[in-house]
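Student: Mapped onto this note's numbering, the consecutive letters of the sequence shown carry residue numbers 48 to 307. Where is the CB? At the ideal position from N, CA and C, for every residue including glycine.
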Amino acid sequence: MWKRNEKRTDARLAGPMIHEVKELPEVIAIDECKGDTDEGKYQVLIADGRTGEPLDILSDRTAATIKPYLREKGAEVEIVVMDMSPSFKSAVQQALGSPIIIADRFHFCRYIYWALDLVRRNVQKDFHDYDRRKCKRMKHVFHKSPATLSEKQYWYLEWYLNLSHELTDAYQLKEMFRFWFDQAKQEQENPGQGIKEGLYAFYQEVEASGLAELKKAAQTLKNWQTEILNSFTFGYTNEPIEGLNNQTKVMKRNAFGFQR
Numbered sequence: 048m049w050k051r052n053e054k055r056t057d058a059r060l061a062g063p064m065i066h067e068v069k070e071l072p073e074v075i076a077i078d079e080c081k082g083d084t085d086e087g088k089y090q091v092l093i094a095d096g097r098t099g100e101p102l103d104i105l106s107d108r109t110a111a112t113i114k115p116y117l118r119e120k121g122a123e124v125e126i127v128v129m130d131m132s133p134s135f136k137s138a139v140q141q142a143l144g145s146p147i148i149i150a151d152r153f154h155f156c157r158y159i160y161w162a163l164d165l166v167r168r169n170v171q172k173d174f175h176d177y178d179r180r181k182c183k184r185m186k187h188v189f190h191k192s193p194a195t196l197s198e199k200q201y202w203y204l205e206w207y208l209n210l211s212h213e214l215t216d217a218y219q220l221k222e223m224f225r226f227w228f229d230q231a232k233q234e235q236e237n238p239g240q241g242i243k244e245g246l247y248a249f250y251q252e253v254e255a256s257g258l259a260e261l262k263k264a265a266q267t268l269k270n271w272q273t274e275i276l277n278s279f280t281f282g283y284t285n286e287p288i289e290g291l292n293n294q295t296k297v298m299k300r301n302a303f304g305f306q307r
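1) Given a threshold of 16 other Cβ atoms within 10 Å of its Cβ, counted over all protein chains shown, does valine 127 qualify as buried or as exposed?
2) Return the residue from the list Trp202, Ala248 and Asn209 that minimises the CA-CA distance to arginine 167.
3) Do you know whose CA, among Phe155, Thr280, Glu260 and Ala111, lies nearest valine 91's CA?
4) Going by DSSP, what residues sit across from lysine 6 in a beta bridge?
5) Would you tell me roughly how many angstroms separate the C-alpha atoms of valine 124 and alanine 76, rounded to the nearest one?
6) Could you please give the first and the last residue of the uninterrupted alpha helix (DSSP H) stretch that includes methionine 223?
7) Hey, quick one: how far does the alpha helix (DSSP H) through alanine 138 stretch, first residue to last?
8) Give every residue of the same chain whose Cβ lies closer than 7 Å to the Cβ of phenylalanine 228, excluding the five residues on either side of it in the sequence, and list them in chain order.
9) Can alanine 162 and lysine 263 be called in contact, C-beta distance under 9 Å?
10) How would you write the range of the alpha helix (DSSP H) that proline 115 sits in, first residue to last?
11) Who are the Cβ neighbours of glutamate 100 in its own chain at under 7 Å, not counting the five residues just before and after it?
12) By the three-class DSSP mapping on this structure, what secondary structure does aspartate 151 have?
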């Protein structure tokens, strides 16, 4: 009963924003969204990649649904912004031929932060009980730029880095990636060879570190390198529809327990 009610709620919320799409624009953004409808747990939101305007919601994220839709409506599509889903990529390429695919920045950056978190969780197992619990609670300080930390946060960062060489190496690699990312964003108006060279330098440092978690993350970036570099060449992101997804999640949480 709740799922049917939720589905109707989603439809009413989306109704004023989304109308029947006859032809998709040249730049589209694709992202999955969690709806828990009768058709499946996840749906696919398609938006205008330039304006962020939501265009359509597909009932599920399977290739059997995505490919026919794109073949029917995507004749004018030249650029697709998406997360790093192999199934999305395959469906887009099979349906549209050879569009320019852009990996969304949030999605490729988080692989490095996930790898840092894995290293932290592994090394903190050997910490004293107090430090293990405190390090877990202070995990957010490892993600931030040092320049944004309070004096207390910076003290904790230094303390835990001094407890583990592996954690220090992982953190320094995260900082190297963050510096590369910030520089690449600044140069995106006139992207050059420096962006690619900076990424190659990061790969080399990861390999030299011997950290399996970072090496796995770097391999993922290598597999998507063209799409990652496209994000700086063309400047499009999934940020508008990520924001829409977050708004939907908040509304669902606030409406929990309501019945039609």
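Tutor: Straight from the coordinates:
1) Position 80 of the sequence shown, counted from the first residue, corresponds to residue 127. Buried: at least 16 other Cβ atoms inside 10 Å.
2) Along the sequence shown, read from residue 1 onward, the residue named residue 167 stands at position 120. If we check each option's Cα against that of arginine 167, Asn209 comes out closest.
3) Counting from 1 along the sequence shown, the entry for residue 91 is found at position 44. Minimum Cα distance to valine 91 is reached at Ala111.
4) No answer is possible for residue 6: the residues shown for the chain start at 48 and end at 307.
5) Walking along the sequence shown from the start, residue 124 turns up at place 77. Walking along the sequence shown from the start, residue 76 turns up at place 29. Rounded to whole angstroms, valine 124 to alanine 76 spans 11 Å at the Cα level.
6) Residue 223 sits at position 176 when you count from the first residue of the sequence shown. Boundaries of the alpha helix (DSSP H) harbouring methionine 223: 212-233, taken from the DSSP string.
7) Here residue 138 corresponds to residue number 91 of the sequence shown, with the count starting at 1. Residues 133-143.
8) Against the sequence shown, residue 228 aligns to sequence position 181. Once the five neighbours on either side are set aside, the close Cβ partners of phenylalanine 228 are Cys156.
9) Along the sequence shown, read from residue 1 onward, the residue named residue 162 stands at position 115. Along the sequence shown, read from residue 1 onward, the residue named residue 263 stands at position 216. Yes.
10) Locating residue 115 in the sequence shown gives position 68, counting from the first residue. Boundaries of the alpha helix (DSSP H) around proline 115: 110-120.
11) In the sequence shown, residue 100 corresponds to position 53, counting from 1. Excluding its 5 nearest sequence neighbours in each direction, glutamate 100 has C-beta neighbours in its own chain below 7 Å: Ala94, listed in chain order.
12) Numbered from 1 along the sequence shown, position 104 holds the residue referred to as residue 151. Three-state result, aspartate 151: coil.
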